[in-house]
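Novice: Residue numbers (my numbering): 2 to 448.
Note that CB positions come from ideal geometry on N, CA and C, so glycine has one too.
This is the structure, below, for whatever I ask next.
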Amino acid sequence: MKIIIAGAYAIGTHLAKLLSRNDQDTILIDEDEERLASISSDYDLMTLHASPTSIDALKEAGISGADLFIAVTPDESTNLISCVMARQLGAKRTVAKVDKYEYLNEKGISFFEKMGITSIINPEDLSAHEIANGLRMSWVRQRWDVLDGALVMLGIKMRQTSEILGQPLKDLCKPETPYHVVAIKRGDETIIPRGDDVLQLYDLVYFMTTRNYIPYIRKIVGKEHYADVKNVMIMGGGATAVRTTELIPEYMNCKLIESNEARCAELNDLVDTDKVMIINGDGRDIPLLTEEGIKSTQAFVALTANAETNILACLTAKRLGVRKTVAMVENLDYVNMAESLDIGTIVNKKALAASNIYQIMLDADVNNIRFLMSANADVAEFTAQKGSKVTQKKVFELNLPQGATIGGLVHNGEGQLVSGGTQIQAGDTVVVFSHGISMAKIEKFFQ
């Protein structure tokens, strides 16, 4: 597959990293020679120093033979124009990053498709959905729903209260057990577990289960005493914060803290003030937090543009007794540090956007794919095609690549966990967890 990326910025470089694992024919276009030089030395791809809205540059990049053109520069107009041009010059599919999430409605998507833009993405909208979904469960680091919750993946930090520590998984995850452990993040190591592996204190464990067994998972990991989220504080009044306030459940009370007075005035027009209280102040100010009820707050979300500020604010909130903290960390260099400090949920817009584009790139019927930054792994939903390899043999006979495991499937709308003797059928939606190998290798089993 030939892929051309316009924009050697955060999303473009992260996407280049994902694609380099798949040996794709990738060209990165940017107007800044220094950015290109630093990227080409790290990843296996070609670079072109040019404007993505130059017809000559697009032709030089081989746009007429491109399977996918991706425009992820910081400028929305550049992204839209370059995608239109790329499509007219022969690119099969185009993806544009946009700033306005209202473009994502049916009318907006249809309008851009008529212009030749196959897909549009908005990183702030993706992040807001991730945050709002996570706030529904205070005791979970990450939650991922398959087909409206027919299957659910939960990422949970192991604490002393868990009753499943120190026991081999072969004793815990039997065929009749209503969950599977599909991955373990232990320190800097990601483990696709086997029967002899045991769960240890402070492991980040990824469970696959069905929706009706979520309370059971909560019990065995010892998190029943975690209060459900009713009161939320958000620090930072940017686009992601505004979108998050629109997506959080109606039963949650929200306070949004913004340090810039002029921005606070704007926020009064941007958010539903019947649902959200706007506060002008510093979200790291302990007296302010105390005055605004931090001790009766179950979740604190730090969404400023500064990773250090977000990390510090979450640490402050934790010290004041908040169980659930979420930090926006755009600099990947800070992600491991934030995790080592036990911040809670880490959200990175470029990783979410790159995962969304990566899904578009795959040829098989991939309904959803997510790069799990904390575990340095991918999780994806594949639909098994008629006659595909996964429908020909039972799971234990498939000889999946090492580092891949099937967590569960949805058959006729019903979620099921998968064992070695499971027979996957055409039309089933199958959840695959992958570490250290590309999803492109796995998709061949489903075609």
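Indicate the three-state DSSP secondary structure (helix, strand or coil) for Lys186 in the structure shown.
Specialist: The answer is strand: DSSP assigns Lys186 an E or B state.
Novice: Just to confirm, are Ala7 and Ile30 a CB contact at a threshold of 8 angstroms?
Specialist: Yes, Cβ-Cβ distance for Ala7 and Ile30 is below 8 angstroms.
Novice: Are the Cβ atoms of Ile361 and Ser120 separated by less than 8 angstroms?
Specialist: Yes; because the gap between Cβ atoms is below 8 angstroms, this pair is in contact.
Novice: Taking the DSSP output, what are the residues bridged to Ile5?
Specialist: For Ile5, which the question treats as bridged, DSSP gives the partners Ile28, Phe70.
Novice: One question on the structure: do Ala129 and Leu248 come within less than 8 angstroms of each other, judged by their Cβ atoms?
Specialist: Contact: yes.
Novice: Of the residues Arg244, Pro402, Glu382, which one's Cα is nearest the Cα of His436?
Specialist: Nearest C-alpha to His436: Pro402.
Novice: Work out the CA separation of Trp145 and Thr310 for me, nearest whole Å.
Specialist: The alpha-carbon atoms of Thr310 and Trp145 are separated by roughly 27 angstroms.
Novice: Could you tell me whether the stretch 123-139 touches the stretch 179-189, using the rule of 3 or more Cβ pairs below 8 angstroms?
Specialist: Cβ pair count under 8 angstroms is below three, so no.
Novice: Which residue marks the beginning of the alpha helix (DSSP H) containing Glu103, and which one marks its end?
Specialist: Here Glu103 belongs to no alpha helix (DSSP H), and DSSP marks it neither H nor E.
Novice: Look at the Cβ atom of Leu90, then the Cβ atom of Met2, and state whether they are nearer than 8 angstroms.
Specialist: Their beta carbons are not under 8 angstroms apart, which means Leu90 does not touch Met2 by this criterion.
Novice: Can you tell which of Ile5, Glu125, Pro179, Asn269 has the C-alpha that lies nearest to the C-alpha of Asn213?
Specialist: Asn213 has its Cα closest to that of Pro179, out of Ile5, Glu125, Pro179, Asn269.
Novice: Mapping the DSSP letters down to three states, classify Gly428 as helix, strand or coil.
Specialist: Coil, per DSSP.
Novice: Check whether the stretch 307-321 and the stretch 76-94 touch, using three or more Cβ-Cβ pairs below 8 angstroms as the test.
Specialist: The stretch 307-321, when compared against the stretch 76-94, does not touch it at the 8 angstroms Cβ threshold.
Novice: Could you round the C-beta distance between Arg142 and Lys158 to whole angstroms and report it? I think they count as a contact, below 8 angstroms.
Specialist: Correct: roughly 6 angstroms between the Cβ atoms.
Novice: Hey, out of Ile279, Glu267, Ala306, Thr317, whose CA is closest to Ile287's CA?
Specialist: Closest option to Ile287, Cα to Cα, is Thr317.
Novice: Using only CA atoms, which one of Ile40, Glu398, Leu155, Thr48 lies nearest to Thr211?
Specialist: Checking every option, the nearest Cα to that of Thr211 belongs to Leu155.
Novice: Helix, strand or coil: how does DSSP classify Thr241 here?
Specialist: Thr241: helix per DSSP, three-state reduction.
Novice: Can you round the beta-carbon distance between Asn232 and Gly294 to whole angstroms, since I take them to be within the 8 angstroms contact cut?
Specialist: Indeed, because the Cβ distance is near 7 angstroms, the residues count as touching under 8 angstroms.
Novice: With the cut-off set at 8 angstroms, would you say Lys175 and Asp197 are in Cβ contact?
Specialist: No, the Cβ-Cβ distance between Lys175 and Asp197 is not below 8 angstroms.
Novice: Compare the Cα-Cα distances from Leu166 to each of Leu202, Ala151, Leu152 and report the closest residue.
Specialist: The shortest C-alpha separation from Leu166 is found at Leu202.
Novice: Sorted by chain position, which residues of the same chain lie with C-beta nearer than 7 angstroms to Tyr217's C-beta, five sequence neighbours on each side aside?
Specialist: Within the same chain, Tyr217 has close Cβ partners Pro179.
Novice: With burial defined as no fewer than 16 other Cβ atoms inside 10 Å of the residue's Cβ, what is the status of Phe434: buried or exposed?
Specialist: Looking at its Cβ environment, which holds 16 or more other Cβ atoms inside 10 Å, Phe434 is buried.
Novice: Are there 16 or more other CB atoms within 10 angstroms of the CB of Ser389, so buried, or fewer, so exposed?
Specialist: So Ser389 counts as buried.
Novice: Whose CA, out of Phe383, Gly239, Gly322, lies closest to the CA of Asn307?
Specialist: Checked all of Phe383, Gly239, Gly322; the closest Cα to Asn307 is Gly239.
Novice: Leu473 to Leu152, Cα distance in whole Å?
Specialist: Outside the displayed range of the chain (2 to 448) lies residue 473, so it cannot be described from this structure.
Novice: Can you list the alpha helix (DSSP H) stretches of 4 or more residues lying completely in the stretch 197-262, in chain order?
Specialist: Here the runs fully enclosed are 215-221, 240-248.
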